[in-house]
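Participant:
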């Protein structure tokens, strides 16, 4: 967080020293996911947003499930997550009135360079997962109801595996964030499903590498919603909506596309795709 | 540049983000200790100096509460301060104030329990002289607290150590928001989750250095004070 | 603030005191009047310290009653006690005296003057700033005496005041005690040191096993003790 955000750090540091009351007046709380924070995306786009509007965005880095719950309790103004079905449930419960698609990134299967299950290069993620299961290769699951966790569960379901029933000692559910899951995989010589952003920004890669990528089923859609002020009257609806409008504007979309690690783009804006 | 060097560079160049984090850590933990002292010292003294039914039970519970799990306290304070909770109208969840509240909850039992023990020991030493001098109850309490002040400093330090070291409570109620509620410990947790283990270790060393400095200052102050008062 | 009436005489009427079933004071009748010092003597465990504490009002009898100037439950406004092992507060010598002055309700404006007088009286002038608990045993004992006198008592109880002191320190303390007694304070002192009892003089109260065995004027008592127990105690025999 310190390294590629000298500018942000300076801005935030100066702000801390400046009038905190005024800063609090023009700030919103966004509950988001570990993938957007740990990948460094917010450090890239928030200073741009702030320079334009003067609004400070305080980001909570939580699993998607927890991030939505934070919104349900009224403890955030905006939720920015990646689990479409959970987001639609949030909408149907009335905690938000509109969901805006923002961008997508993709998941990858990360595994040891030695690749004991020999799945490297498979183009079909279902085939890769079935191979992992049949070879009893150690697999780390987030197990924390995050967006990545639910994506993983959906993938198992799509290949006809009831993971609750079929899992064995090879399947380790750790109940922690993406970074912790990658750390565990590095230590255990295990496979793990990760979002690409967190993986690229991850420092402890050790003996890990990407083994499976590019399958359409690995695409990961992000959506943003304003917490319904009718449910929680204190929600800062003008400032929150301003943030959402900026994210889906041409300018915001360009900022998202412009975030790269080692020349590699992490997130692909697609706000114009109403079906996303 | 590897991350171990970068942690050192952050310290040596007085990186503004790092300074802000250190400042917030100290502010939150010291404020929590101050709040806990204002509540815990009189409460501990009260229990030390009164006899009532169920007193031993209160002491056992108080001593047990010294080991309150930070995560449980964090969760309880979170539910309390959440917009949907009983104190939601305060609107202080995910602010430094909420972190102070959570740490004060953690630290108060430590200070109260150690104060109780200290004051009770001193009381057994002073009680006959107080009776002989016909010292009133208010003066008794104030004198005991004043004469126990150097031992109470140790209680405050124990509380500070606990507050400065914990991450479970503040990460829940503070949210680890960059530039706003990120402290040394939550930053360490974050860097660990990002796999930047050398930077996390570097930050850990900065934290430990700060704790050692605070303890040294308190130790020196205690020494000097004791020389004067003659304990 | 000061009690208008006198706490003298102090009367013990059939006073019995027990601690965990053991009788410490056994049906004591006694009367302490203004004037000459009273000296409680007797072997360890005779009940001397307990009698002093009861007379000070620090412990209540299980049976019988104690009256001060005819009143029961009189607050100790005009009484002071110096324990065998005085406990000094964690502050300077002068600070300890100021504390006692404040506790006795003596006007703050008089404190500095009184601290000065009291330190001089016990021979500790110039040592007011020393931490009390770092002073020698003899100095602490004298400071304890000054602290007791800070209350401006009518009656001063001294429990084995020189028990742990060397001869020189003992003499200095006794000189001060005699001076206090001459100034009109009624001194009631316990000791197991016969020579000290002789030096202080006044009325001797000989105790053994929770009872008052014999009382009498010091000169007469040491020359012609009336009871066998007193005779043997003076002769240095062990009493059982």
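Residue numbers (this note's numbering), protein chains in the order written: chain X, 1 to 276; chain V, 1001 to 1231; chain G, 2001 to 2240.
Note that beta-carbon positions come from the ideal geometry of N, C-alpha and C, so glycine has one too.
Note that this is a predicted model, so its numbers are computed, not measured.
(1) Is DSSP giving residue 2148 of chain G helix, strand or coil here?
(2) To the nearest whole angstrom, what separates the beta carbons of residue 2233 of chain G and residue 2159 of chain G, a pair I think is in contact under 8 Å?
(3) In chain order, which continuous runs of the alpha helix (DSSP H) of length 4 or greater are located wholly inside the region 2077–2150 of chain G?
(4) How would you label residue 1126 of chain V, buried or exposed, when you count the other beta carbons within 10 angstroms and need 16 or more for buried?
(5) Which of the three DSSP states, helix, strand or coil, is assigned to residue 1066 of chain V?
(6) Quick one: any contact between the region 1113–1124 of chain V and the region 1031–1051 of chain V, if contact means 3 or more CB pairs under 8 Å?
(7) If you follow the alpha helix (DSSP H) that residue 1110 of chain V is in, where does it begin and where does it stop?
(8) Give the DSSP-derived three-state secondary structure of residue 95 of chain X in the structure shown.
(9) Using a Cβ-Cβ distance cut-off of 7 Å, determine whether residue 2058 of chain G contacts chain V.
(10) Pull up the CB-CB distance for residue 2165 of chain G and residue 2141 of chain G, whole angstroms please, since I reckon it's below 8 Å.
(11) Excluding the 5 residues flanking residue 1113 of chain V on each side, which residues of the same chain have their C-beta closer than 7 Å to its C-beta?
(12) Helix, strand or coil for residue 2016 of chain G? Go by DSSP, reduced to three states.
(13) Within the region 155–185 of chain X, note down every full beta strand (DSSP E) run reaching 3 residues or more, in order along the chain.
(14) Rounded to a whole number of angstroms, what is the C-alpha to C-alpha distance between residue 174 of chain X and residue 193 of chain X?
(15) Could you tell me whether the Cβ atoms of residue 2203 of chain G and residue 2036 of chain G are closer together than 7 Å?
(16) Given 8 Å as the limit, is there contact between the region 262–276 of chain X and the region 1065–1083 of chain V, that is, 3 or more CB pairs closer than that?
(17) Starting from residue 1014 of chain V, follow the alpha helix (DSSP H) in both directions and report where the run begins and ends.
(18) How long is the line joining the alpha carbons of residue 23 of chain X and residue 177 of chain X, rounded to whole angstroms?
(19) Interface residues of chain X around residue 1197 of chain V at Cβ under 9 Å?
(20) Residues of chain X with CB closer than 7 Å to the CB of residue 1177 of chain V, please, in chain order.
(21) Specify, as a first and last residue, the run of the alpha helix (DSSP H) that residue 1212 of chain V falls within.
(22) Can you tell which of G:2123, G:2048, G:2136, G:2197 has the C-alpha that lies nearest to the C-alpha of residue 2086 of chain G?
(23) Assuming the contact rule is C-beta atoms closer than 8 Å, residue 58 of chain X and residue 29 of chain X should be a hit. Round their C-beta distance to whole Å, please.
(24) Count the other C-beta atoms from every protein chain shown that fall within 10 angstroms of the C-beta of residue 1255 of chain V, then say buried if there are 16 or more, exposed otherwise.
(25) By how many angstroms is the C-alpha of residue 1184 of chain V removed from the C-alpha of residue 1106 of chain V?
(26) Nearest to residue 1022 of chain V by alpha carbon, out of V:1093, V:1186, V:1095?
(27) Which chain X residues are close to residue 1192 of chain V, counting only those with a beta carbon under 8 Å from its beta carbon?
(28) Closer than 9 Å by beta-carbon distance: list the chain B residues that pair up with residue 1107 of chain V, in chain order.
(29) Taking a Cβ distance cut-off of 8 Å, strictly less, list which residues of the region 1132–1145 of chain V are near chain G, in chain order.
(30) Would you call the CB atoms of residue 1104 of chain V and residue 1081 of chain V closer than 7 Å?
(31) Using C-beta distances below 8 Å, list every residue in its chain close to residue 1156 of chain V, excluding the 5 sequence neighbours before and after it, in chain order.
(32) Scan the region 2047–2079 of chain G and note each continuous alpha helix (DSSP H) run of 4 residues or more that stays entirely inside, going in chain order.
(33) Assuming residue 2040 of chain G and residue 2205 of chain G make a contact with CB atoms under 8 Å, what is their CB distance in whole Å?
(34) Beta-carbon within less than 6 Å of residue 256 of chain X's beta-carbon, same chain only, minus the 5 sequence neighbours each way: which residues are those?
(35) At least one CB of chain V closer than 7 Å to the CB of residue 75 of chain X: is that the case?
(36) Can you confirm whether residue 1026 of chain V, when its beta carbon is compared against all beta carbons of chain X, has any partner nearer than 7 Å?
Facilitator: In short, the structure shows the following:
(1) Position 148 of the third chain, counting from 1, holds the residue named residue 2148 of chain G. The answer is helix: DSSP assigns residue 2148 of chain G an H, G or I state.
(2) As a first step, residue 2233 of chain G is located in the third chain; it is residue number 233 there, counting from the start. As a first step, residue 2159 of chain G is located in the third chain; it is residue number 159 there, counting from the start. Contact doesn't hold; Cβ gap of about 19 Å is too wide.
(3) 2093–2103, 2111–2121, 2137–2149
(4) As a first step, residue 1126 of chain V must be located in the second chain, where it is residue number 126. Classification for residue 1126 of chain V: buried.
(5) If you number the second chain from 1, residue 1066 of chain V lands on position 66. Reduced to three states, the DSSP call for residue 1066 of chain V is coil.
(6) yes
(7) Your numbering for residue 1110 of chain V matches position 110 in the second chain. Counting along the chain, the alpha helix (DSSP H) containing residue 1110 of chain V begins and ends at 1096–1132.
(8) For the purposes of this step, residue 95 of chain X is taken as residue 95 along the first chain, with counting starting at 1. Judged by DSSP in its simplified three-state form, residue 95 of chain X adopts coil rather than helix or strand.
(9) What you label residue 2058 of chain G is simply residue 58 of the third chain in a count that begins at 1. It does; some Cβ of chain V falls within 7 Å.
(10) Position 165 of the third chain, counted from the first residue, corresponds to residue 2165 of chain G. Position 141 of the third chain, counted from the first residue, corresponds to residue 2141 of chain G. Residue 2165 of chain G to residue 2141 of chain G, Cβ: 6 Å. Contact.
(11) For this step, residue 1113 of chain V is matched to residue 113 along the second chain. Non-local C-beta neighbours of residue 1113 of chain V in its own chain, meaning closer than 7 Å and more than five positions away in sequence, comprise 1044, 1062, 1063, 1066, ordered along the chain.
(12) The count along the third chain starts at 1 and reaches residue 2016 of chain G at position 16. Correct three-state label for residue 2016 of chain G: strand.
(13) List check, beta strand (DSSP E) in window: 171–173.
(14) Taking the first residue of the first chain as 1, we reach residue 174 of chain X at position 174. Taking the first residue of the first chain as 1, we reach residue 193 of chain X at position 193. For residue 174 of chain X and residue 193 of chain X, the distance between alpha carbons rounds to 13 Å.
(15) Walking along the third chain from the start, residue 2203 of chain G turns up at place 203. Walking along the third chain from the start, residue 2036 of chain G turns up at place 36. The answer is yes: Cβ separation under 7 Å.
(16) no
(17) One-based indexing of the second chain puts residue 1014 of chain V at position 14. That residue, residue 1014 of chain V, is in no alpha helix (DSSP H); it is neither H nor E in DSSP.
(18) As a working mapping, residue 23 of chain X is identified with position 23 in the first chain. As a working mapping, residue 177 of chain X is identified with position 177 in the first chain. With a pLDDT of 42 at residue 23 of chain X, under the threshold of 50, the modelled position of this residue cannot be trusted, and the question is left open.
(19) Numbered from 1 along the second chain, position 197 holds the residue referred to as residue 1197 of chain V. The answer, in chain order, is 183, 203, 204.
(20) Your numbering for residue 1177 of chain V matches position 177 in the second chain. Going along chain X in sequence order, the residues near residue 1177 of chain V (Cβ under 7 Å) are 58, 59, 60.
(21) For the purposes of this step, residue 1212 of chain V is taken as residue 212 along the second chain, with counting starting at 1. Its alpha helix (DSSP H) spans residues 1197–1229.
(22) As a working note, residue 2086 of chain G is residue 86 in the third chain. Of the candidates G:2123, G:2048, G:2136, G:2197, the one whose C-alpha sits nearest the C-alpha of residue 2086 of chain G is G:2136.
(23) In the first chain, residue 58 of chain X corresponds to position 58, counting from 1. In the first chain, residue 29 of chain X corresponds to position 29, counting from 1. Their Cβ separation, rounded to whole angstroms, is 5 Å, which keeps residue 58 of chain X and residue 29 of chain X in contact under 8 Å.
(24) No answer is possible for residue 1255 of chain V: the residues shown for chain V start at 1001 and end at 1231.
(25) The residue given as residue 1106 of chain V occupies position 106 in the second chain. The residue given as residue 1184 of chain V occupies position 184 in the second chain. Our two residues, residue 1106 of chain V and residue 1184 of chain V, have alpha carbons roughly 18 Å apart in a direct line.
(26) Indexing the second chain from 1 puts residue 1022 of chain V at position 22. Among V:1093, V:1186, V:1095, the Cα nearest to that of residue 1022 of chain V belongs to V:1186.
(27) Working through the second chain from its first residue, we reach residue 1192 of chain V at position 192. Residues of chain X whose Cβ lies closer than 8 Å to the Cβ of residue 1192 of chain V are, in chain order, 179, 180, 183.
(28) No chain B appears in the structure shown, which is made up of the protein chains X, V and G.
(29) 1132, 1133, 1134, 1135, 1136, 1139, 1143
(30) The count along the second chain starts at 1 and reaches residue 1104 of chain V at position 104. The count along the second chain starts at 1 and reaches residue 1081 of chain V at position 81. In this structure, residue 1104 of chain V lies away from residue 1081 of chain V, with their beta-carbon atoms at least 7 Å apart.
(31) Position 156 of the second chain holds residue 1156 of chain V. Closer than 8 Å at Cβ, skipping near neighbours: 1033, 1037, 1111, 1218.
(32) Complete alpha helix (DSSP H) runs here, min 4: 2048–2056.
(33) Sequence index remark: in the third chain, residue 2040 of chain G carries index 40 (1-based). Sequence index remark: in the third chain, residue 2205 of chain G carries index 205 (1-based). Correct: roughly 5 Å between the Cβ atoms.
(34) Position 256 of the first chain, counted from the first residue, corresponds to residue 256 of chain X. The answer, listed in chain order, is 103, 267, 269.
(35) Position 75 of the first chain holds residue 75 of chain X. Cβ-Cβ to chain V under 7 Å: yes for residue 75 of chain X.
(36) On the second chain, residue 1026 of chain V is found 26 positions in, with the first residue counted as 1. By this cut-off, residue 1026 of chain V is not an interface position.
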